[in-house]
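If you read the sequence shown in the working numbering, its first letter stands for residue 9, the second for the next number, and so on. One structure is given below, encoded as C-alpha cells.
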Amino acid sequence: MLDRAPVSYTVNVAVSAHSGIIMVLSLCFAISFARLPMALTPLSSQDVANWQNVFVQVGVDQLFYGVQAALSFAALSALAKKDEASRLPFIVIGALLISSTVVAGLCPSFYIVWAPSLFSASPSDVHALLARMNVVLSLTKRLNYLLSDLIVVWRAWVLWSGPRVARALLLVCMTGSVVGVLVELVWALEHFMIGVSASHTVALYVPLLVTNLVATALIGVQVWSYRRNIKRSLRGAVRAGGAARVETILFLLVESGVVYCGLWVAFLIIALKANNEPFSASTVMGNIFHSIAGIYPCFVVFVVEANKAKADRSVRSEKELSVLRFTPSPAVRENACSATTTTILVDSSTENDDSIAPADAPERRPLMATS
C-alpha cells in the first residue's frame, strides 16, 4: 500500500536536500568568481553571454534534477514494500537517481573549473581536468538513456510473454541502443570541446528513439487486444472494477511512451539544426535530457503504484462492508436473551438428570437450573 505519510516525508527530504545542493553550488560559484583576476583581464561581451548561458544551463539542470529526485524517492518508497517482481524497477530507478546526482553535482563543478581558463590560468592543467570530468559526465548521461530504455523494454517484455517475435524485436532494439550509445560516446570523447557532427548525433538519438517507438507500439497493440478480446467478455462488477484499473494502467503506459517519444523527436530536430556552438538550445537540451530520461520511468512507476494502492483500499473496504453486522434493537436483544436463558435452563436440567422417570411414576423431579 502506498502510504501518504512516507511518500510526503521522502519528497520533503528530497526537496530539502536539493535546496542544500543549490546553496552549496551558489557558494562555490561565488568563491570561483571572487578568485578570478577580474582587474587584469576584463570580461568581454562574448564572455558575459557565455556565463549567462552557463547559469541558464546549470539552473535548468538543477530544476529538472529536483523533480527527478522527488519522484525517485516517492517511487522507491512505493517499491520498497513490493515483492521480487518489483526488484528490477527499484534497482534501475536507484541507479538513475545516483547517475543524475553525479551529473547534477559535476556539471556546475565543470564550469567552476573551466572559469579560470578564460584568463589563461594554467590552461593545460585545466584542460586535462576538464577532459576527465567530461568522461564522467558523458558516461553518466548516456547511462541514464540506456536505463530509461531498459524500463520501457521491460514493460513491453512482460506484456508480451507469449510470442517470441515481439521479444526478439525488443532485444534487437535494445542491442541497437547500446551499440549506438557506445559509438557516439567514443566520438563525443574524441571531439571534446569541439562538438560532434550531425551524423554522430543521429547515431545516438535514432536507436534510442526507435527502441522507445517499438516498445510503445507493442504496448499499444496489447491495449488494443485487451479492449477487443478481453474487455468484451467481462461483464458486471468485474468489468467496472478490475478491468477499468487494468485499462487505466495500460493507457498510462501508452500515453507516457508517446510523450517521451515526442520529446526525443524534438530533441533530435534541435540537435540536427545545431551548428556546433558551445552554448545553444541543443546544449541546454543535452544537459537536461538525462533528467527527463530519469523522470519518465519514475513518474510512471509512481502513478501505477498509486493506482494499485487505491485499488487495494477499495477491495479492503468492500471486504469490510461484506462482514459488517448491525446492532439489534433493545427489544430484540431482550427476546434473544430470554430465549437463550430458557434454552440454557432446559439444557442444564436435562444434563443434570441422572435418569428419566417412567411415565407412570407418581412423582417427578422439577426442572432446576444449576448455578
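Even glycine gets a Cβ: it sits at the ideal position worked out from N, Cα and C. Note that the structure is predicted; figures quoted are calculated from it, not measured.
Neighbourhood of A42 by C-beta distance below 8 Å, restricted to the same chain and skipping five residues each side = Taking the first residue of the sequence shown as position 1, residue 42 is located at position 34. Caution applies to A42, whose pLDDT of 49 falls short of 50 and renders its modelled position unreliable; the model cannot decide the point.
What is the residue span of the alpha helix (DSSP H) that S185 lies within?
-> As a working note, residue 185 is residue 177 in the sequence shown. It spans 172 to 198 - the alpha helix (DSSP H) in which S185 sits, taken as one unbroken run.
Does the stretch 187 to 198 come close enough to the stretch 211 to 229 that 3 or more CB-CB pairs lie under 8 Å?
-> yes
Helix, strand or coil: which one does DSSP assign to A88?
-> Residue numbering aside, residue 88 sits at position 80 when the sequence shown is read from its first letter. The answer is coil: DSSP assigns A88 none of H, G, I, E or B.
Anyone know if the C-beta pair for P305 and I99 falls short of 8 Å?
-> Mapped onto the sequence shown, residue 305 falls at position 297. Mapped onto the sequence shown, residue 99 falls at position 91. The answer is no: Cβ separation not under 8 Å.
Output the distance between the C-alpha atoms of A308 and V110, rounded to the nearest integer angstrom.
-> Translated into the one-based positions of the sequence shown, residue 308 becomes position 300. Translated into the one-based positions of the sequence shown, residue 110 becomes position 102. The question names Ala, but residue 308 is Val in the sequence shown. Going by the C-alpha atoms only, they are around 23 Å apart.
Which class does L353 belong to by DSSP, given the choice of helix, strand or coil?
-> For the purposes of this step, residue 353 is taken as the residue at position 345 of the sequence shown. With a pLDDT of 36 at L353, under the threshold of 50, the modelled position of that residue is not reliable, and the figure given next carries that caveat. Helix at L353.
Going straight from the alpha carbon of A112 to that of S52, what length do you get?
-> Mapped onto the sequence shown, residue 112 falls at position 104. Mapped onto the sequence shown, residue 52 falls at position 44. Their Cα atoms are separated by approximately 28 Å.
Three-state secondary structure assigned by DSSP to W168 | Taking the first residue of the sequence shown as 1, we reach residue 168 at position 160. Coil.
Identify, in the order they occur along the chain, each residue of the same chain with its Cβ nearer than 6 Å to the Cβ of L276, setting aside the five sequence neighbours on each side.
-> Taking the first residue of the sequence shown as position 1, residue 276 is located at position 268. For L276, where only same-chain residues beyond five positions count, the Cβ hits under 6 Å are Y213.
If V266 sits next to T219, beta carbons under 8 Å apart, how far is it from one beta carbon to the other, in whole angstroms?
-> Here residue 266 refers to the residue found at position 258 when the sequence shown is read from its first residue. Here residue 219 refers to the residue found at position 211 when the sequence shown is read from its first residue. Incorrect: roughly 14 Å between the Cβ atoms, too far for contact.
Just mark E192 as buried or exposed, buried being the case when its beta carbon has 16 or more other beta carbons within 10 Å.
-> As a position in the sequence shown, residue 192 is number 184, starting the count at 1. Flag for E192 reads buried.
Around the C-beta of I238, are 16 or more other C-beta atoms found within 10 angstroms, so that it is buried, or is it exposed?
-> Counting from one through the sequence shown, the residue named residue 238 turns up at place 230. Looking at its Cβ environment, which holds fewer than 16 other Cβ atoms inside 10 Å, I238 is exposed.
Expressed to the nearest angstrom, what Euclidean distance is found between the alpha-carbon atoms of G170 and M141?
-> Walking along the sequence shown from the start, residue 170 turns up at place 162. Walking along the sequence shown from the start, residue 141 turns up at place 133. Roughly 45 Å between the two C-alpha positions.
Please classify S52: does DSSP put it in a helix, a strand, or coil?
-> The residue you call residue 52 lines up with position 44 of the sequence shown. The answer is coil: DSSP assigns S52 none of H, G, I, E or B.
Using the beta-carbon count (16 or more within 10 Å), is D381 buried or exposed?
-> Since the first residue shown for the chain is 9 and the last is 379, residue 381 is missing from the structure and cannot be characterised.
On a CA-only basis, which of G302, N315, V311 is nearest Y407? Give me that one, please.
-> Lying outside 9 to 379, the shown extent of the chain, residue 407 is not represented and no answer is given.
Taking all protein chains shown into account, decide if I106 is buried (16 or more other Cβ within 10 angstroms of its Cβ) or exposed.
-> Within the sequence shown, residue 106 is the residue found at index 98, counting from 1. So I106 ends up on the exposed side.
Contacting residues, own chain, Cβ-Cβ under 7 Å from T358 (five flanking each side not counted) | Here residue 358 is taken as the residue at index 350 of the sequence shown, counted from 1. In this prediction, T358 has a pLDDT of 45, which is less than 50 and means its spatial position is unreliable; nothing more can be read from the coordinates.
State the start and end residues of the unbroken alpha helix (DSSP H) segment that holds Y119.
-> Locating residue 119 in the sequence shown gives position 111, counting from the first residue. Taken as a continuous stretch (DSSP letters only), the alpha helix (DSSP H) holding Y119 covers 95 to 122.
Look at the alpha carbon of W1 and the alpha carbon of L280, and state the distance between them as a whole number of angstroms.
-> Because the chain here runs from 9 to 379, residue 1 falls outside it and cannot be looked at.
Rounded C-beta distance between N315 and Q65? I'm assuming under 8 Å.
-> Position 307 of the sequence shown holds residue 315. Position 57 of the sequence shown holds residue 65. 36 Å between Cβ atoms; not a contact.
Since R175 contacts W165 with CB under 8 Å, what's their CB separation in whole angstroms?
-> Counting from 1 along the sequence shown, the entry for residue 175 is found at position 167. Counting from 1 along the sequence shown, the entry for residue 165 is found at position 157. Their Cβ separation, rounded to whole angstroms, is 6 Å, which keeps R175 and W165 in contact under 8 Å.
Cut-off 6 Å between Cβ atoms - residues of its own chain near V312, not counting five sequence neighbours on either side | Locating residue 312 in the sequence shown gives position 304, counting from the first residue. These residues qualify, in order along the chain: I257.
Cβ of P97 within 8 Å of Cβ of L104?
-> As a position in the sequence shown, residue 97 is number 89, starting the count at 1. As a position in the sequence shown, residue 104 is number 96, starting the count at 1. Cβ distance not < 8 Å, so P97 and L104 don't count as in contact.
V254 vs G228 beta-carbon contact at 8 Å | For the purposes of this step, residue 254 is taken as the residue at position 246 of the sequence shown. For the purposes of this step, residue 228 is taken as the residue at position 220 of the sequence shown. No.
Quick one: Cα of I300 to Cα of T209, how far?
-> Walking along the sequence shown from the start, residue 300 turns up at place 292. Walking along the sequence shown from the start, residue 209 turns up at place 201. When rounded, the distance between both Cα atoms is 18 Å.
Tell me, please, whether the CB atom of K90 is closer than 8 Å to any CB atom in chain D?
-> Going by chain labels, chain D is absent from the structure shown, which holds only one protein chain.
Below 8 Å on the Cβ atoms is my guess for L226 versus C269; work out the distance and round it to an integer in Å.
-> In the sequence shown, the residue the question calls residue 226 occupies position 218. In the sequence shown, the residue the question calls residue 269 occupies position 261. The Cβ separation is near 13 Å, so there is no contact.
Report all residues from its chain with a CB closer than 7 Å to the CB of C115; omit the five preceding and five following residues, and keep chain order.
-> Counting from one through the sequence shown, the residue named residue 115 turns up at place 107. Result list for C115: V66, D69, L145, N295, in chain order.
Give the straight-line distance between the Cα atoms of Q230 and I159, rounded to the nearest whole angstrom.
-> Here the question's residue 230 lines up with position 222 in the sequence shown. Here the question's residue 159 lines up with position 151 in the sequence shown. Each residue's alpha carbon lies about 17 Å from the other.
Own chain partners of W272 with C-beta closer than 6 Å, once the 5 adjacent residues on each side are dropped = For the purposes of this step, residue 272 is taken as residue 264 along the sequence shown, with counting starting at 1. The residues are L217.
Just the C-alpha distance for L147 and A196, rounded to the nearest angstrom, thanks.
-> For the purposes of this step, residue 147 is taken as the residue at position 139 of the sequence shown. For the purposes of this step, residue 196 is taken as the residue at position 188 of the sequence shown. Their backbone Cα atoms lie some 10 Å apart in a straight line.
Look at F310 and A77 and say whether their C-beta atoms are less than 8 Å apart.
-> One-based indexing of the sequence shown puts residue 310 at position 302. One-based indexing of the sequence shown puts residue 77 at position 69. No, they are not a contact pair.
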